[in-house]
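A.B. asks:
In this note's numbering, the protein residues as written are 1443 to 1728.
Structure, rendered in structure tokens:
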């Protein structure tokens, strides 16, 4: 007679899926202490396949069923054409991305890289057309650093010398984007340190930008996985001029209660330098 089998332990019920993360953001732009007008612009919005919503300078919201985009653009050109270029750029972003969301949801898009490449090409061509059609817009252009948040990833597109920094929860700071300058290449190759980069007279000489008479562009496109506790900083070169990377890291992680992180970054950078328009958008994953 066979022994009684051991009773089988009941299978535990599956754990419920983790809720989608939330984002908390703050953004600020400042003309600086010497420029007569502000050629920087920033954008904060969320969207699904049906609706696009512009966000305030500060806020928080869930990533459930919606994507978020934050972007910084720094214009260039004579008179006020640089200011015009950066605002055209953020306007085109808000028009094109909801269509991309619908295509992706329907399985008709081959991926974020193709969407972002198309977006940058469309903006570039629009600026070139305006520059050739209107004398006051000749040669106008801009940088663009764009961060597109989904529940698991931060997809980015970038051209110029604005920047996206990644500050993981565990510590440290990484410049995600490549400066499209000659000395930016030198620094990535380890041939120049941060101090040398900050004082080199070629640091603002762009090799690539949207518009600005460039025939071809090759934007830097990629993605970074995110988890609760991570932070991202999107900024114009005016912020970098006023803050070392170490200071960006320290201020982003230790902003005073009741004060937005972007405000603290921008006001400190303007106080330290203020030679250029200064803009920052800070996004925290909760």
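From the three backbone atoms N, C-alpha and C, an ideal C-beta is built for every residue, glycine too.
So, at 7 Å on beta carbons, what are the nonlocal neighbours of residue 1618 in its own chain, with the 5 sequence-adjacent residues on each side left out?
C.D. replies: Position 176 of the chain shown, counting from 1, holds the residue named residue 1618. Contacts found: 1598, 1606, 1607, 1608, 1666.
A.B. asks: According to the Cβ coordinates, are residue 1678 and residue 1604 closer than 7 Å?
C.D. replies: In the chain shown, the residue the question calls residue 1678 occupies position 236. In the chain shown, the residue the question calls residue 1604 occupies position 162. Yes. Within cutoff.
A.B. asks: Between the region 1712-1721 and the region 1461-1480, can you find at least three pairs of beta-carbon atoms closer than 8 Å?
C.D. replies: A contact exists between the region 1461-1480 and the region 1712-1721.
A.B. asks: Taking Cβ positions, are residue 1727 and residue 1456 nearer each other than 7 Å?
C.D. replies: Within the chain shown, the letter at position 285 stands for residue 1727. Within the chain shown, the letter at position 14 stands for residue 1456. Result no, Cβ atoms of residue 1727 and residue 1456 do not sit closer than 7 Å.
A.B. asks: Are the beta-carbon atoms of residue 1615 and residue 1691 separated by less than 7 Å?
C.D. replies: Position 173 of the chain shown holds residue 1615. Position 249 of the chain shown holds residue 1691. Contact: yes.
A.B. asks: Return the first residue and the last residue of the beta strand (DSSP E) that residue 1487 is part of.
C.D. replies: Within the chain shown, the letter at position 45 stands for residue 1487. Start and end: 1482-1489.
A.B. asks: Could you tell me if residue 1525 is buried or exposed, where buried requires 16 or more neighbouring beta carbons within 10 angstroms of its beta carbon?
C.D. replies: As a first step, residue 1525 must be located in the chain shown, where it is residue number 83. Classification of residue 1525: buried, given that the 10 Å Cβ count is 16 or more.
A.B. asks: Just list the residues that DSSP pairs residue 1469 with in beta bridges.
C.D. replies: Numbered from 1 along the chain shown, position 27 holds the residue referred to as residue 1469. Bridge partners of residue 1469: 1723.
A.B. asks: Would you call the CB atoms of residue 1583 and residue 1680 closer than 7 Å?
C.D. replies: One-based indexing of the chain shown puts residue 1583 at position 141. One-based indexing of the chain shown puts residue 1680 at position 238. No, the pair does not count as a contact, with Cβ atoms beyond the cut-off.
A.B. asks: Using only alpha-carbon positions, find the residue among 1498, 1518, 1522, 1519 that is nearest to residue 1511.
C.D. replies: Working through the chain shown from its first residue, we reach residue 1511 at position 69. Measuring from the Cα of residue 1511, the nearest candidate turns out to be 1498.
A.B. asks: Where in the region 1620-1663 do unbroken runs of the beta strand (DSSP E), each at least 3 residues long, occur, reported from the N-terminal end onward?
C.D. replies: The region 1620-1663 contains no whole beta strand (DSSP E) run of 3 or more residues.
A.B. asks: I'd like the list of long-range same chain contacts for residue 1703, defined as Cβ closer than 6 Å, with 5 residues on each side in sequence excluded.
C.D. replies: Counted from its first residue, the chain shown places residue 1703 at position 261. 1468, 1694, 1697, 1724.
A.B. asks: For residue 1515, list the residues DSSP reports as bridge partners.
C.D. replies: Working through the chain shown from its first residue, we reach residue 1515 at position 73. Beta-bridge pairing links residue 1515 to 1483.
A.B. asks: Using 10 angstroms around the beta-carbon of residue 1492, count the other beta-carbons present and answer buried if the total reaches 16, otherwise exposed.
C.D. replies: Working through the chain shown from its first residue, we reach residue 1492 at position 50. Result: exposed.
A.B. asks: Would a C-beta distance cut-off of 7 Å place residue 1705 and residue 1470 closer than the cut-off?
C.D. replies: Along the chain shown, one-based indexing puts residue 1705 at 263. Along the chain shown, one-based indexing puts residue 1470 at 28. Their beta carbons are under 7 Å apart, which means residue 1705 touches residue 1470 by this criterion.
A.B. asks: Within its chain, find whatever has a CB closer than 7 Å to the CB of residue 1504; leave out the 5 residues flanking it on each side and keep chain order.
C.D. replies: Position 62 of the chain shown, counted from the first residue, corresponds to residue 1504. Excluding sequence neighbours, residue 1504 sits near 1462, 1464.
A.B. asks: Take residue 1586 as the anchor and find which of 1566, 1557, 1515 has the nearest alpha-carbon.
C.D. replies: Counting from one through the chain shown, the residue named residue 1586 turns up at place 144. The shortest Cα separation from residue 1586 among 1566, 1557, 1515 belongs to 1515.
A.B. asks: Mapping DSSP to helix, strand and coil, what is residue 1551?
C.D. replies: Position 109 of the chain shown, counting from 1, holds the residue named residue 1551. Model confidence at residue 1551 stands at a pLDDT of 47, short of 50, so the residue's coordinates are unreliable; what they give is reported in the following sentence. DSSP places residue 1551 in coil when its eight states are reduced to three.
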